[in-house]
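So the sequence lines, in the order shown, correspond to chains F and X. FYI, the numbering used here numbers position 113 of the first sequence as 113, with every residue one higher than the one before it. FYI, the numbering used here numbers position 2 of the second sequence as 1002, with every residue one higher than the one before it. We put the CB at the ideal spot given by N, CA and C, even for glycine.
2 protein chains.
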Amino acid sequence: MDTQELKKAGLKATLPRLRILEILEGSHERHLSAEDVYKALIDIGEDVGLATIYRVLTQFEAAGLVQRHHFNGAHAVFEVRAECHHDHMVRVDTGEVIEFADEDIERRQRQIVDEHGYVLEAHSLVLYVRPKPGSPNAAD
Amino acid sequence: MDTQELKKAGLKATLPRLRILEILEGSHERHLSAEDVYKALIDIGEDVGLATIYRVLTQFEAAGLVQRHHFNGAHAVFEVRAECHHDHMVRVDTGEVIEFADEDIERRQRQIVDEHGYVLEAHSLVLYVRPKPGSPNAAD
DNA sequence: ATGAATGCAAAAACTTTGCATGACG
DNA sequence: CGTCATGCAAAGTTTTTGCATTCAT
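As structure tokens, this is what we get:
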């Protein structure tokens, strides 16, 4: 039950918060904008204000339940925090988001930052890609 | 003369474009927002509209003269395109931007993308850092 | 001269906030 | 029941656009 998850995060288990969490966890597309969540809720007949969505998503982010990304400069997208860290590829032709993890890059990042006299707080890596001709991806 | 640079890029050498290019090239801080450029122009008594700054920066980007970054979700910053590619570190305490280049990461990125059946079109890597205690940076 | 560029102001897109009402514990 | 959350609408930010005027070639 998501109720426990919310309480564990120090948040009251209100209906809007439960609904928003359900959408984020249940969606096939893991990366949703506030507007996406809003539309999904309207679709299932839940009447939640857009302002609430923004407020709740910000709280979820602060509580570590979700992560906020800015794949394109415009609007933010949110994804439920995965167990294991990963970065993202974005197809420039379709906008599809593909997750990947690579310990080599992670390690090298920490090393570079350390060499400069800093500590790595967070990072954002997005690879913008297009299908390689002849690859199975070219079909989509 | 920047006039040549603009014409070579296929852009008419208008006064606003020349001024904006001068600001970008002459600024100590290499990463400027549209607002930053606007204020810098006002400061030197040049009366250029903010809308023009946005239009010109977008043209510069299309022409390959500048690169657009989104270090924070809010506003975009622009930098004159450097001869050699590099990525960025952003100090979370001061907002200072530090440039770095690492061929290991670049190579690994291309490899990962290739393994997934894609071609790397572009990428964005930002490391958010804080000074390492005891390092010379901690002082600033 | 002629088409493109500019400036202004209005609009657009995304997100945040104020305040009265309603819900959780 | 007290407090925090919600909804609505209004305001805030950043960026874009329409249109008459001005400028570069």
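Mind checking A1138(X): buried by the 16 CB within 10 Å criterion, or exposed? Translated into positions along the second sequence, residue 1138(X) becomes position 138. Here A1138(X) is exposed, its C-beta having fewer than 16 other C-beta atoms within 10 Å.
In the segment 1110 to 1131 of chain X, which residues sit with their C-beta less than 8 Å from some C-beta in chain F, listed in chain order? Legend: CB atoms of the segment 1110 to 1131 of chain X lying less than 8 Å from CB atoms of chain F belong to residues I1112, V1113, D1114, H1116, G1117, Y1118, V1119, L1120, E1121, A1122, H1123, S1124, L1125, V1126, L1127, Y1128, V1129, R1130 and P1131.
What beta strand (DSSP E) runs, 3 residues minimum, are completely inside the segment 57 to 105 of chain F? Runs of the beta strand (DSSP E) inside the segment 57 to 105 of chain F: 66 to 69, 77 to 80, 87 to 91 and 97 to 100.
Exposed or buried, which one is E79(F) when buried takes at least 16 other CB atoms within 10 Å? As a position in the first sequence, residue 79(F) is number 79, starting the count at 1. Taking all protein chains shown into account, E79(F) has 16 or more neighbouring C-beta atoms within 10 Å of its C-beta and is therefore buried.
Name, in chain order, the residues that DSSP records as bridge partners for L1149(X). The requested residue 1149(X) is not part of the displayed model; chain X covers only 1001 to 1140.
Look up Q1135(X) in the DSSP assignment and give the residues it is bridged to. Within the second sequence, residue 1135(X) is the residue found at index 135, counting from 1. What sits at residue 1135(X) in the sequence shown is Ser, not Gln. DSSP, once it has assigned bridges, lists no residue as partnering S1135(X).
Residues within the segment 74 to 108 of chain F neighbouring chain X, beta-carbon criterion of under 8 Å: Look at the segment 74 to 108 of chain F: the residues with a C-beta under 8 Å from a C-beta of chain X are A76, M89, R91, V92, I98, F100, D102, D104, I105 and R108.
Cβ of S27(F) within 8 Å of any chain X Cβ: As a working note, residue 27(F) is residue 27 in the first sequence. It does not: the Cβ of S27(F) has no partner Cβ on chain X nearer than 8 Å.
In DSSP terms, what V1129(X) is bridged to: Start at 1 with the first residue of the second sequence, and residue 1129(X) comes out as number 129. In the DSSP output, where bridge partners are listed per residue, V1129(X) has L120(F) and R1091(X).
Does DSSP put L1011(X) in a helix, in a strand, or in coil? Counting from 1 along the second sequence, the entry for residue 1011(X) is found at position 11. DSSP places L1011(X) in coil when its eight states are reduced to three.
Just to check my reading of the structure: R17(F) and L6(F) have Cβ atoms closer than 8 Å, yes? What is that Cβ distance to the nearest angstrom? Within the first sequence, numbered from 1, the residue matching residue 17(F) stands at position 17. Within the first sequence, numbered from 1, the residue matching residue 6(F) stands at position 6. R17(F) to L6(F), Cβ: 6 Å. Contact.
Go ahead and label M1089(X) buried or exposed: buried means 16 or more other beta carbons lie within 10 angstroms of its beta carbon, across all protein chains shown. The residue given as residue 1089(X) occupies position 89 in the second sequence. Classification of M1089(X): buried, given that the 10 Å Cβ count is 16 or more.
What residue ranges within the segment 1010 to 1050 of chain X form continuous alpha helix (DSSP H) runs of no fewer than 4 residues, ordered along the chain? The DSSP assignment places complete alpha helix (DSSP H) segments of no fewer than 4 residues inside the segment 1010 to 1050 of chain X at 1015 to 1026 and 1034 to 1043, in order along the chain.
Thinking just about the alpha-carbon of each residue, which of V1092(X), I1042(X) and L1065(X) is nearest to the one in V1126(X)? For this step, residue 1126(X) is matched to residue 126 along the second sequence. Closest option to V1126(X), judged by alpha-carbon separation, among V1092(X), I1042(X) and L1065(X): V1092(X).
Could you check if H1147(X) is buried or exposed, using at least 16 other CB atoms within 10 Å of its CB as the buried criterion? One cannot answer for residue 1147(X) here, as it falls past the ends of chain X, which runs 1001 to 1140.
Please report whether the beta-carbon of H1070(X) lies at a distance below 8 Å from any beta-carbon of chain F. On the second sequence, residue 1070(X) is found 70 positions in, with the first residue counted as 1. By this cut-off, H1070(X) is an interface position.
Are the CB atoms of H1070(X) and H70(F) nearer to each other than 8 Å? By one-based count along the second sequence, residue 1070(X) stands at place 70. By one-based count along the first sequence, residue 70(F) stands at place 70. Contact: yes.
Span separating the alpha-carbon of L11(F) from that of V66(F): Numbered from its first residue, the first sequence carries residue 11(F) at position 11. Numbered from its first residue, the first sequence carries residue 66(F) at position 66. Note on geometry: alpha-carbon atoms of L11(F) and V66(F) lie some 14 Å from one another.
Output yes if chain F places a C-beta closer than 8 Å to the C-beta of S1141(X); else output no. Here chain X comprises residues numbered 1001 to 1140, so residue 1141(X) is not present and cannot be evaluated.
With distances taken Cα to Cα, identify the nearest neighbour of G49(F) among F60(F), S27(F) and E35(F). Residue mapping note: residue 49(F) aligns to position 49 of the first sequence, counting from 1. Checking every option, the nearest Cα to that of G49(F) belongs to E35(F).
Based on Cα-Cα distance, which residue from E103(F), E22(F) and V129(F) lies nearest to S44(F)? Translated into positions along the first sequence, residue 44(F) becomes position 44. Looking at the sequence shown, residue 44(F) is not Ser but Ile. Just measuring C-alpha positions, the residue of E103(F), E22(F) and V129(F) sitting nearest I44(F) is E22(F).
Return no unless some Cβ of chain X is closer than 8 Å to the Cβ of P16(F). On the first sequence, position 16 is the one that residue 16(F) refers to. No - not a single Cβ of chain X is within 8 Å of the one on P16(F).
In or out: A51(F) buried (at least 16 other Cβ within 10 Å) or exposed? Position 51 of the first sequence, counted from the first residue, corresponds to residue 51(F). Within 10 angstroms of the beta-carbon of A51(F) lie fewer than 16 other beta-carbons, which makes it exposed.
6 Å Cβ shell around I1098(X) - same chain, five flanking residues per side excluded: The sequence position of residue 1098(X) within the second sequence is 98, counting from 1. Once the five neighbours on either side are set aside, the close Cβ partners of I1098(X) are M1089.
May I have the straight-line CA-CA distance separating E61(F) from R68(F), to the nearest angstrom? The residue given as residue 61(F) occupies position 61 in the first sequence. The residue given as residue 68(F) occupies position 68 in the first sequence. Computed Cα separation, rounded: 7 Å.
For the putative contact between D87(F) and R1108(X), defined by C-beta atoms under 8 Å, what is the C-beta separation to the nearest angstrom? Position 87 of the first sequence, counted from the first residue, corresponds to residue 87(F). Position 108 of the second sequence, counted from the first residue, corresponds to residue 1108(X). 11 Å between Cβ atoms; not a contact.
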